[in-house]
Amino acid sequence: MSIAFVDLAAQQARIKPELDARIAAVLSHGKYIMGPEVTELEQRLAAFCGAGHCVTCANGTDALTMALMAAEVGPGDAVFVPSFTFTATAEVALLLGATPVFCDVDPDSFNLDPASLEAKLEEVTTAGDLRPRMVMPVDLFGLPADYSAIGRVAEKHGMTVLADAAQGFGGASGNRQVGALAPMTATSFFPAKPLGCYGDGGAVLTDDASLAEQWKSIRAHGKGGAKYDIVRVGLNSRLDTLQAAILLAKLDIFADEVAARNRVADAYDRRLTGHLATPKRYDGTVSAWAQYTVKVANRDVVQKTLQAAGVPSAVYYPMPMHLQTAYRAHGGGEGSLPVSERLAGEVLSLPMHPYLDDRAIATVCDALIDATRAAAAA
Ligand SMILES: *Cc1c(COP(=O)(O)O)cnc(C)c1O
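Read in numbering that gives the first Met the number 0, the sequence shown has 356 at position 357, and its numbers run on one by one without any break.
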């Protein structure tokens, strides 16, 4: 039996007729840029998560960039980001001339630690050379960040919260979906994300109508009301109509897929609990399970043993951002963010997708338990 880390083929087989019809409709009307599917998708995404407005764009990195551009984040501004994340979170701040301030994460949730955020804020305020402007919590591996605690810290210091929900879309906290948990939310439709298209795609969500209008202008070269009236410096960052059509077909089954991912995670928990460190669960919080990530000792040995048993695994992420060559000038160096540094050496993500059956889950778990024994003996 071969086990897929992510199984897009099983999903495609399930929705093939709907996908084909959606794609055929675009080929027939020919509006490849800003066709009717784009507007339909934006309305359905906003409704899905209970946000007032959704503006799609070319990818998740641009979604973050557009949110920072509309907020006029730039030189002299501090943007607080977790160090244990994907590159894009820190990259966008630097692209706009702002300064990323790397914070540590919680060892159990893997998400931005509000206590570390407060400590870093105090450092920045004391140093006095940067203006605290923005906090960008990340829903790492699909688990919504602690938006209520982070929101309180942000408000106290006059900052805005931009949720990097590239992995978290589909999750929820309390009775609110990701997309409605922060004043601004950016997400990604990269194929391997919980809701992915067949190429690049992204979106930003908010309740603020005038902010949504600004984002629409930014994604189309900063256009104003009239044609060729340019009111700001923008980007070329539209979502292709074909990708919107594909996402519409996938959105029909998305809630069902998130539920299936949760069942897979529960099954992993049942088999692995007592053997190794499984992801912590939080009452009232639903993860989108972009990844199911365990912590192991001797990870190289574990991963090689798994590979020999035909079980794929991945390391997200092997190095925290404050130690990356391109970013380390903005960080405190080795030892400055101990949790992020430790997790980078321990995390291992297992196969995760909605179509993983009980037999595959059992195979992965048995192989993993054997591999951790082999690693302990090595
Ligand atoms: C994937 C990802 C992004 C970037 O999304 P793209 O669509 O690939 O540009 C940003 N942040 C996080 C946390 C991600 O996982």
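A virtual CB, placed ideally from N, CA and C, is assigned to each residue, including glycine.
Computed from a prediction, not measured in an experiment: that's the story for all the values here.
Cβ shell of residue i (< 6 Å), same chain only, five flanking positions each side left out
i	result
residue 76	97, 130 and 132
residue 304	370 and 373
residue 191	5
residue 200	188, 238 and 242
residue 105	112
residue 360	266
residue 358	none
Straight-line gap, residue i to residue j (C-alpha atoms, nearest Å)
i	j	result
residue 362	residue 5	16 Å
residue 270	residue 203	37 Å
residue 212	residue 267	43 Å
residue 35	residue 159	32 Å
residue 172	residue 82	23 Å
residue 115	residue 170	24 Å
residue 10	residue 69	36 Å
residue 274	residue 137	28 Å
residue 46	residue 205	12 Å
residue 207	residue 182	8 Å
residue 27	residue 244	13 Å
residue 302	residue 276	15 Å
residue 0	residue 165	31 Å
residue 60	residue 282	30 Å
residue 79	residue 253	31 Å
residue 379	residue 356	This structure does not reach residue 379, given that the chain is present from 0 up to 377, and the question cannot be answered.
residue 364	residue 289	18 Å
residue 259	residue 287	10 Å
residue 298	residue 348	11 Å
residue 156	residue 308	51 Å
Which of helix, strand or coil DSSP assigns to residue i
i	result
residue 176	strand
residue 275	coil
residue 300	helix
residue 324	coil
residue 348	strand
residue 189	coil
residue 293	strand
residue 63	helix
residue 219	strand
residue 99	strand
residue 252	coil
residue 32	strand
residue 14	helix
residue 261	helix
residue 196	coil
residue 355	coil
residue 5	coil
residue 366	helix
residue 285	strand
residue 206	coil
Cβ neighbours of residue i in the same chain (closer than 7 Å, five flanking residues each side left out)
i	result
residue 41	53, 54 and 55
residue 300	373, 374 and 377
residue 235	220
residue 123	77, 100, 129 and 131
residue 319	82, 83, 336, 339, 340 and 343
residue 256	353
residue 73	95, 96 and 97
residue 379	The structure shown has nothing for residue 379, since the chain only spans 0 to 377.
Cβ shell of residue i (< 8 Å), same chain only, five flanking positions each side left out
i	result
residue 250	40, 43, 44, 47 and 194
residue 229	220, 221, 222 and 223
residue 31	25, 239, 240 and 241
residue 21	36, 244, 245, 247 and 248
residue 67	78, 91, 92, 95, 97, 133 and 161
### Task
Note down, one range per segment and in chain order, each beta strand (DSSP E) of at least 3 residues found wholly within the stretch 65-91.
76-81
#### Entry: Uninterrupted beta strand (DSSP E) stretches inside the stretch 103-171 (no shorter than 3 residues)
130-134 and 159-163
### Contact shell at 6 Å, judged by CB to any heavy atom of ligand 1, ordered along the chain
58, 59, 60, 84, 85, 87, 88, 137, 163, 165, 166, 187, 189, 199 and 201
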